[in-house]
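As you go down the protein sequences, you meet chains A and B in turn.
Under the working numbering, the very last position in the first sequence is 311; numbers go up by exactly one each time.
Under the working numbering, the very last position in the second sequence is 1448; numbers go up by exactly one each time.
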Amino acid sequence: MSTVATVPEGTVNPYALSHLDSLESEAVHIFREVAGEFERPVILFSGGKDSIVMLHLALKAFAPAPVPFTLLHVDTGHNFPEVLEYRDRTVKKHGLRLHVASVQEYIDAGKLRERPDGTRNPLQTVPLTEAIQQHRFDAVFGGGRRDEEKARAKERVFSLRDEFSQWDPRRQRPELWQLYNGRHAPGEHVRVFPISNWTELDVWQYIEREGIELPEIYFAHEREVFDRNGMWLTAGHWGGPKEHESTETRLVRYRTVGDMSCTGAVDSDATTLDAVITEIAASRLTERGATRADDKMSEAAMEDRKREGYF
Amino acid sequence: MTTPILSAEQLSATTLLRFATAGSVDDGKSTLVGRLLHDSKSILTDQLEAVEQASLNRGQEAPDLALLTDGLRAEREQGITIDVAYRYFATARRRFILADTPGHVQYTRNMVTGASTAELAVVLVDARNGVVEQTRRHAAVAALLRVPHVVLAVNKMDLVDYAEPVFAAIAEEFTAYAASLGVPEITAIPISALAGDNVVEPSAHMDWYGGPTVLEHLETVPVSHDLTACHARFPVQYVIRPQSAEHPDYRGYAGQIAAGVFRVGEAVSVLPSGRTTTIAGIDAFGDSVDIAWAPQSVTIRLADDIDISRGDLIAPADDSPAITRDVEATVCHVADQPLSVGQRVLLKHTTRTVKAIVKDIPSRLTLDDLSQHPAPGQLVANDIGRVVVRTAEPLALDAYADSRRTGSFLLIDPADGTTLSAGMAGASFAAVAEAAAGSAADDAEWDF
Chain A
1 MSTVATVPEG TVNPYALSHL DSLESEAVHI FREVAGEFER PVILFSGGKD SIVMLHLALK
61 AFAPAPVPFT LLHVDTGHNF PEVLEYRDRT VKKHGLRLHV ASVQEYIDAG KLRERPDGTR
121 NPLQTVPLTE AIQQHRFDAV FGGGRRDEEK ARAKERVFSL RDEFSQWDPR RQRPELWQLY
181 NGRHAPGEHV RVFPISNWTE LDVWQYIERE GIELPEIYFA HEREVFDRNG MWLTAGHWGG
241 PKEHESTETR LVRYRTVGDM SCTGAVDSDA TTLDAVITEI AASRLTERGA TRADDKMSEA
301 AMEDRKREGY F
Chain B
1001 MTTPILSAEQ LSATTLLRFA TAGSVDDGKS TLVGRLLHDS KSILTDQLEA VEQASLNRGQ
1061 EAPDLALLTD GLRAEREQGI TIDVAYRYFA TARRRFILAD TPGHVQYTRN MVTGASTAEL
1121 AVVLVDARNG VVEQTRRHAA VAALLRVPHV VLAVNKMDLV DYAEPVFAAI AEEFTAYAAS
1181 LGVPEITAIP ISALAGDNVV EPSAHMDWYG GPTVLEHLET VPVSHDLTAC HARFPVQYVI
1241 RPQSAEHPDY RGYAGQIAAG VFRVGEAVSV LPSGRTTTIA GIDAFGDSVD IAWAPQSVTI
1301 RLADDIDISR GDLIAPADDS PAITRDVEAT VCHVADQPLS VGQRVLLKHT TRTVKAIVKD
1361 IPSRLTLDDL SQHPAPGQLV ANDIGRVVVR TAEPLALDAY ADSRRTGSFL LIDPADGTTL
1421 SAGMAGASFA AVAEAAAGSA ADDAEWDF
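Rendered as C-alpha cells:
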C-alpha cells in the first residue's frame, strides 16, 4: 500500500494529533454534517457536562458564524437550581434560542402521572417526543456516550427514530467510515451523538483544556443530603427525605447532573478540575453506577428507556 | 505496561488508536477482549459486579465477560453478539477505541463496519486448529478494507505446550496468505488469553518469543502515517458566512481534511468544476494556522470568489482525482433487501449524494476461498461483489487503495433511506491472490 508510508522510528512525526484533538475533530465533523443535511436541528441542552461540551464544540464548529441550531431542555421540575441558572446564563451569553419542555406542566395538566417512587427521569420521554413533533425537529443532538452504559455501546452516531421516537436496535443502519446516513421519512427524526466516542475522562480533560465553565455542583461543596439505596440524594422540595430517612451535611460533588430524585452525589473533596480528573482516573465505579438510581433497576433499564424514545 | 492511575499530564499527551477484533467465541476473542479491558483496569467494580450477578442468575459459576459487551437484551437472552460493540480503554501511552465484532450473526457486515475505521485488526486463531476458512475470511476483509496493520494472535498456546513450531507454522501460513492479498504489515504473536501469556504481560512459558505482547504492540504501532505521501483531499461540508457586523465578508469552507496536508498559499482545484485558486487562509476554530492535516476539522478560505458548495472537493491543483460518472467498485452488501442490476439508488461519497443506477454486478466473491461467481444478478446481505454504477452527476473519486476516505461510498435506497451497500472504488485487493488464482485464472471476468 503506497499511501501507508509510516514515519521512521525514532523521528518526530510533525503531523500527530492528540486523542483530544482527534475526538474534537470527529465531533465537529458530525455537527457540520448535520448542518449541511438537515432542516431543523436542535441540541438537547440540560446544563450537564456532556451537553455543555456539545455546545462548546458546536460554537467552535461554526465560528465565526453563530451556531445554526436552537436548544431544547426537558425540565423535569426537579432540576438543580444551580444548573438552571447556568443554563439561562449560557443561553444569554451566546445569544441562543432555548425551547423548554416541562414535565411539571404535563403533570399539572393530567397528561402524566407522578410515579410512586418519585423519580421523574422516565417521564421526560413524552414531553421530549412531543416537543420534537411540535417543532418538527429533524435532527436532535444528544450528549450520550457509548462508554456510559452497555445499551449505549451499541448506539450509532446517527440513530434513526420513528414518529414515536422509538429506537429499534435491530433496525439500525450499519455505520461505515465517516459516512453518516441521515435519510429519514417525514415525521421521523435522527438522534445524533457527536461525542459517542468520548469517555467520561475525555470529557473532563477537554473541559480543562478548553477552560470551559461548569455549574458549581460538579465541584466539592457542603450539602444537606440523605441516604437512599446507597446514594446521597439532595433534600428538597421534590419529595425527599421520607420520615425514616435522616439528613446530614456532607462534603460532596455531582459526577452527573439530572433529575434530583434519582441523581446521587458522591463524597468528594475535589474542588478543582485537576482534582476531579485525578479522582475520576482513580475511581473504580462508572459514573452511572455511582450516581444513577434509575439504571440500577434492571439489566436492561437503559435499553428499555431508549426504545421508548429516551435520550 | 499499564499503570493503574494516570496523571492528568500523562492522559492528555496520548494518541488514539482505533482497532477491530475478529474471531469467533471459540477462538477466545471475548477472553482476549475481557483480559485487555480487565488488565488495563477498564472494567470497573460496578460493571464487574453486574456481570457476576447476571452470570449467577443464569447459573454460570464464573463471570461471563461476554456480558460486558453484549449490551442488548436479545443478545444476552440468546447468548450471541448481534452488533458491533465499541469499547474504550487507556494506558499511559495511548487511548483505544475497540470495535468488537461478532463471530456468527451478520458476520461480514459487522466486520466490514468495524474494519472501515480501524487502523489495526486483531485476527484470532486457535493454535490447535491453525489457519481455517474463517481465518482466511478475516484476512480477506482486513485486506479489502485496507486496514494498515494486522495482528495475528495465535491463541491457546497453553493447549499446544507452548510449542514454537506450532506457532511458526501458523504464522508463516497466515503471513503468506495475507501478504498475497496486499496486507502491508502483519505481526504474529503467540498468546494464551486465558492464562494471560503475552496479552499484557510477557509469557514465562515462551522464551523463544522475543516480540511484543499484544498490548505493547497496540501501544507502539504507528498511528500517523507520512501524510506528505498522501494525496491531499478536502471535501467541503458547509459554507460559513456570518454576514455579521464583525465579519461582513467572511466566507469559509468548513470540512474535515480527508487525507494529506494543506498549506496557506497552495494552488488548489475545486472539483468537479475544475476551477483553480489558492488557499488564502486556514482557520482552526477561530485561530488562523499556516498548515493543517488529516483528520483535522478546519475552515479554508480561498483567494478567489468562486461558486463552491457542500459536496465539492478541494485538492492540490497538480494532484486532483479523476472526475467520473462511471464507478467500478467492490461492495459489501449490508441490507436485508437485495441489490439488483438496474436498481436506482443514491450514492453517498464524502459530502456529496447523487442519484445513480446499478448497471452491472459482474461477480460475487466468496471470502472463504476467494472463488468468484460471475453475474449473480443480485447481492444479498453479507455478500461481497463487484458492481458497476453510473451516477447522474460527476464524482471526484479516488481509488480506495489510494485514499480510504475519498475512495469509499454508500449505496442508499431512495425509497426508505436504508443503507444498502458499502463501496470501495477500484481494485479489490492490493495484490492478486496467487493462492486462489489457479482455479479462477481461466475465467475472463476475474478481477479480484
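A virtual CB, placed ideally from N, CA and C, is assigned to each residue, including glycine.
Small disclaimer: the values here were computed from a predicted structure and weren't measured.
Rounded separation between residue 168 of chain A and residue 151 of chain A - CA only: Computed Cα separation, rounded: 12 Å.
Sequence ranges, beta strand (DSSP E) only - wholly within the stretch 148-208 of chain A, length at least 3: Listed in chain order, they are 158-161 and 189-192.
Exposed or buried, what is residue 1339 of chain B when buried is set at 16 or more other beta-carbons lying within 10 Å of its beta-carbon? Classification of residue 1339 of chain B: buried, given that the 10 Å Cβ count is 16 or more.
Distance CB(residue 190 of chain A)-CB(residue 217 of chain A) smaller than 8 Å: 8 Å or more divides the Cβ of residue 190 of chain A from the Cβ of residue 217 of chain A.
Can you say whether residue 65 of chain A is buried or exposed, counting buried as having 16 or more other CB atoms within 10 angstroms of its CB? Answer is buried; the Cβ neighbour count reaches 16.
Enumerate in chain order the residues of its own chain whose CB-to-CB distance from residue 1364 of chain B is below 6 Å, with the five nearest sequence positions on each side excluded. The answer, listed in chain order, is 1373, 1376, 1383 and 1385.
So, residue 1156 of chain B versus residue 1127 of chain B, is the Cβ gap smaller than 8 Å? Cβ atoms of residue 1156 of chain B and residue 1127 of chain B: closer than 8 Å.
I'd like the list of long-range same chain contacts for residue 1298 of chain B, defined as Cβ closer than 6 Å, with 5 residues on each side in sequence excluded. Cβ within range, chain order: 1282, 1284 and 1292.
Using CA coordinates, which residue listed in B:1152, B:1266, B:1263 and B:1268 is at the minimum distance from residue 1132 of chain B? Of the residues B:1152, B:1266, B:1263 and B:1268, the one whose Cα lies closest to the Cα of residue 1132 of chain B is B:1152.
In chain A, which residues lie less than 8 Å from residue 1412 of chain B when you measure between Cβ atoms? By Cβ distance, chain A contributes 181 and 183.
Below 7 Å between beta carbons is the criterion; list the residues of the stretch 1226-1240 of chain B that meet it against any residue of chain A, in chain order. If you check each beta-carbon in the stretch 1226-1240 of chain B against every beta-carbon of chain A, the ones closer than 7 Å belong to 1226, 1227, 1229, 1230, 1237, 1238 and 1240.
Kindly indicate which three-state DSSP category residue 15 of chain A falls into: helix, strand or coil? Collapsing the DSSP output to three states places residue 15 of chain A in coil.
So who's on the other strand from residue 1373 of chain B, going by DSSP bridges? DSSP output for residue 1373 of chain B lists B:1364 as bridge partner(s).
With DSSP as the reference, label residue 1020 of chain B as helix, strand or coil. Under the three-state reduction of DSSP, residue 1020 of chain B is assigned to strand.
Residue nearest to residue 157 of chain A in terms of C-alpha spacing, selected from A:55, A:304 and A:33: Among A:55, A:304 and A:33, the Cα nearest to that of residue 157 of chain A belongs to A:33.
Do residue 1150 of chain B and residue 1186 of chain B have their CB atoms nearer than 8 Å? Taking 8 Å as the Cβ cut-off, residue 1150 of chain B and residue 1186 of chain B qualify as a contacting pair.
By DSSP, does residue 1440 of chain B sit in helix, in strand, or in coil? Any reading at residue 1440 of chain B needs caution, since the residue's pLDDT is 39, under 50, leaving its predicted position unreliable; the model's value is listed next. In this structure, residue 1440 of chain B counts as helix in the three-state DSSP scheme.
State yes or no: is the beta carbon of residue 1290 of chain B nearer than 8 Å to at least one beta carbon in chain A? By this cut-off, residue 1290 of chain B is not an interface position.
Where residue 1056 of chain B falls, given that 16 or more other Cβ within 10 Å makes a residue buried: Burial call: exposed.
8 Å is my cut-off, CB to CB: does residue 62 of chain A come that close to chain B? Taking a beta-carbon distance threshold of 8 Å, residue 62 of chain A counts as an interface residue toward chain B.
At what residues does the beta strand (DSSP E) containing residue 1252 of chain B begin and finish? For residue 1252 of chain B, the enclosing beta strand (DSSP E) begins and ends at 1252-1256.
Any chain B beta carbon closer than 8 Å to residue 33 of chain A: Residue-level contact check: residue 33 of chain A touches chain B, since one or more beta carbons of chain B fall below 8 Å from its beta carbon.
Within a Cβ cutoff of 8 Å, which residues of the same chain sit near residue 163 of chain A, ignoring the five residues on either side of it in sequence? So the qualifying residues of the chain are 133, 187 and 188.
Use the C-beta contact count for residue 244 of chain A: other C-beta atoms within 10 angstroms, 16 or more gives buried, fewer gives exposed. With fewer than 16 other CB atoms across the displayed protein chains lying within 10 angstroms of its CB, residue 244 of chain A is exposed.
Under the rule that 16 or more other beta-carbon atoms within 10 Å means buried, what is residue 277 of chain A, buried or exposed? Taking a 10 Å sphere around the C-beta of residue 277 of chain A, we find 16 or more other C-beta atoms and assign the residue as buried.
C-alpha gap between residue 1200 of chain B and residue 1216 of chain B, whole angstroms: Residue 1200 of chain B and residue 1216 of chain B have their C-alpha atoms some 7 Å from each other.
In the DSSP output, what is residue 1111 of chain B paired with across the bridge? DSSP lists no partner for residue 1111 of chain B.
Alpha carbon to alpha carbon, how far is residue 235 of chain A from residue 260 of chain A? Separation of residue 235 of chain A and residue 260 of chain A (C-alpha to C-alpha, rounded to the nearest whole angstrom) is 9 Å.
Residues from the stretch 1386-1419 of chain B in contact with chain A, defined by Cβ distance under 9 Å: Residues of the stretch 1386-1419 of chain B with a C-beta atom less than 9 Å from some C-beta of chain A are 1401, 1402, 1403, 1404, 1405, 1408, 1409, 1410, 1412, 1413, 1414, 1416, 1417, 1418 and 1419, listed in chain order.
Can you give the beta carbon distance from residue 231 of chain A to residue 264 of chain A, rounded, assuming they're within the 8 Å contact cut? In this structure residue 231 of chain A touches residue 264 of chain A by the C-beta definition: roughly 3 Å separates them, less than 8 Å.
Would you mind telling me which residues of chain A sit closer than 7 Å to residue 1285 of chain B, beta carbon to beta carbon, in chain order? 60 and 63, listed in chain order.
With DSSP as the reference, please indicate the residues paired to residue 55 of chain A in a beta bridge. Looking at the DSSP output, residue 55 of chain A shares a beta bridge with no other residue.
Own chain, CB closer than 8 Å to residue 165 of chain A, minus 5 neighbours either side, in chain order: Closer than 8 Å at Cβ, skipping near neighbours: 125, 128, 129, 132, 189, 308 and 309.
Any idea which residues DSSP pairs residue 1150 of chain B with across the strands? According to DSSP, which records beta bridges pairwise, residue 1150 of chain B is partnered with B:1121 and B:1186.
Considering only residues of the same chain and omitting the five flanking positions on each side of residue 1457 of chain B, which have a CB-CB separation below 7 Å? This structure leaves residue 1457 of chain B out entirely; chain B is present only between 1001 and 1448.
Using only the alpha-carbon positions, how far apart do residue 1129 of chain B and residue 1203 of chain B sit? Take the alpha-carbon of residue 1129 of chain B and the one of residue 1203 of chain B: they are about 21 Å apart.
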